[in-house]
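Residue numbers (our numbering): 12 to 108.
Glycine included, each C-beta is placed from N, C-alpha and C at the ideal position.
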Amino acid sequence: MNTRKKYSKEFKLDAISLVTEQGYSRAEAARSLGINANMLCRWIKQHEADDGTAFRGNGKLTAEQAEIRKLREDVRRLKMEKDILKKATVFFAKETR
């Protein structure tokens with residue numbers, strides 16, 4: 012089974028600059044770097060679409076992703092607290108009888 016090769020952010024940005032700043036065609040740049048031309052095209056599209064936030068790397072979340080993660084943790088904690096309060100209500104209702 013082939014393992015997927017990972018490229019650094021710097022490598023991707025350098026590859027993009029070959030096309031956008033130095034005038035190489037996508038095919039020439041990809042061939043000289045030893046990568047697939049379609050991959051280079053995808054990197055260029057991601058770079059243009061994400062306004063500099065492309066290629067963040069593993070574990071680096073955007074502000075929206077970090078907020079969503081925090082909110083999900085809050086929801087999980089609140090559900091757990093609600094369940095504890097339900098169980099306590101049942102317990103004390105039995106004790107008062």
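Here DSSP, grouped into helix, strand and coil, assigns residue 92 to helix.
If you draw a straight line from the Cα of residue 94 to the Cα of residue 106, it comes to about 19 Å.
With the rule of 3 Cβ pairs closer than 8 Å, the stretch 20-33 counts as touching the stretch 41-57.
Relative to the Cα of residue 50, the nearest Cα in the group 98, 15, 89 and 102 belongs to 15. The three-state secondary structure of residue 74, taken from DSSP, is helix. By the 16-neighbour rule on beta-carbons within 10 angstroms, residue 101 is exposed.
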